[in-house]
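Engineer:
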Amino acid sequence: QVQFVESGGGLVQPGGSLRLSCAASGSIFSIGAMAWYRQAPGKQRELVAGITSGGASNYADSVRGRFTISRDNAKNTVYLQMNSLKPEDTAVYYCNAKISSKLRSWGQGTQVTVSS
8 QVQFVESGGG LVQPGGSLRL SCAASGSIFS IGAMAWYRQA PGKQRELVAG ITSGGASNYA
68 DSVRGRFTIS RDNAKNTVYL QMNSLKPEDT AVYYCNAKIS SKLRSWGQGT QVTVSS
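Each residue of the sequence shown is one higher than the one before, starting from 8 at the first, in my numbering.
(1) Hey, Thr84 and Ser28: beta-carbon distance below 8 Å or not?
(2) Restricting to runs no shorter than 4 residues, where is the alpha helix (DSSP H) found entirely within the stretch 20–49?
(3) Determine the contact status of Phe11 and Asn103, defining contact as a CB-CB distance below 8 Å.
(4) For Arg73, collect the residues of the same chain with a Cβ closer than 6 Å to its Cβ; drop the 5 residues on either side in sequence, then sort them by chain order.
(5) Would you kindly check if the distance between the Cβ of Gly39 and the Cβ of Lys109 is under 8 Å?
(6) Starting from Gln88, follow the beta strand (DSSP E) in both directions and report where the run begins and ends.
(7) Can you tell me which residues form a DSSP beta bridge with Thr117?
(8) Whose CA, out of Gln118, Ile106 and Asn80, lies closest to the CA of Asp96?
(9) Taking the beta strand (DSSP E) that Arg71 falls in, what are its first and last residues?
(10) Locate the beta strand (DSSP E) running through Ile58, then write down its first and last residues.
(11) Excluding sequence positions up to five away, which residues of its chain have a Cβ less than 6 Å from the Cβ of Gly33?
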């Protein structure tokens, strides 16, 4: 069973940037499309960005133009570059398969807090 370890979160001021990493214990190429999700307090988990094995990406409207997802299949790692951060981006961020039928166990996530 592939496991995910997310890292790179922290406290950042509005307008700042963070780069999240998700290290998988096995092949992400075999999983296929990967995604970053986030869950804010009191809200449901939502998909933020997805990327296919070939590198095609898509984004939630709320982050398009500010976030960039990428992957390194050789390193079994998925990244999320987050720029122009807003307070409403505050959440715990997770990575996992994009396709629901391929979801693995959720990792612990990484906390992102955007506040002045």
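Every residue gets a Cβ at the ideal spot worked out from N, C-alpha and C, and that includes glycine.
In this text the structure is predicted, and so the values were computed from the model without any measurement.
Structural biologist: Let me lay it out:
(1) To locate residue 84, count along the sequence shown from 1; it is residue 77. To locate residue 28, count along the sequence shown from 1; it is residue 21. Yes, the Cβ-Cβ distance between Thr84 and Ser28 is below 8 Å.
(2) Taking 4 residues as the shortest admissible run, the stretch 20–49 contains no complete alpha helix (DSSP H) segment at all.
(3) Here residue 11 refers to the residue found at position 4 when the sequence shown is read from its first residue. Here residue 103 refers to the residue found at position 96 when the sequence shown is read from its first residue. With contacts defined by Cβ atoms closer than 8 Å, Phe11 and Asn103 form a contacting pair.
(4) Sequence index remark: in the sequence shown, residue 73 carries index 66 (1-based). Within the same chain, and ignoring the five residues on either side of Arg73 in sequence, the residues whose Cβ sits closer than 6 Å to its Cβ are Asn90 and Ser91.
(5) The count along the sequence shown starts at 1 and reaches residue 109 at position 102. The count along the sequence shown starts at 1 and reaches residue 39 at position 32. Cβ distance < 8 Å, so Lys109 and Gly39 count as in contact.
(6) On the sequence shown, position 81 is the one that residue 88 refers to. Thr84 to Met89 is the extent of the beta strand (DSSP E) around Gln88.
(7) On the sequence shown, position 110 is the one that residue 117 refers to. Answer is Tyr100.
(8) Locating residue 96 in the sequence shown gives position 89, counting from the first residue. When each option's Cα is compared against that of Asp96, the closest is Gln118.
(9) Taking the first residue of the sequence shown as position 1, residue 71 is located at position 64. Counting along the chain, Arg71 falls outside any beta strand (DSSP E), and DSSP gives it neither H nor E.
(10) Stepping through the sequence shown from its first residue, residue 58 is reached at position 51. It spans Glu53 to Ile58 - the beta strand (DSSP E) in which Ile58 sits, taken as one unbroken run.
(11) Residue mapping note: residue 33 aligns to position 26 of the sequence shown, counting from 1. Excluding positions up to five away in sequence, the list reads Val9.
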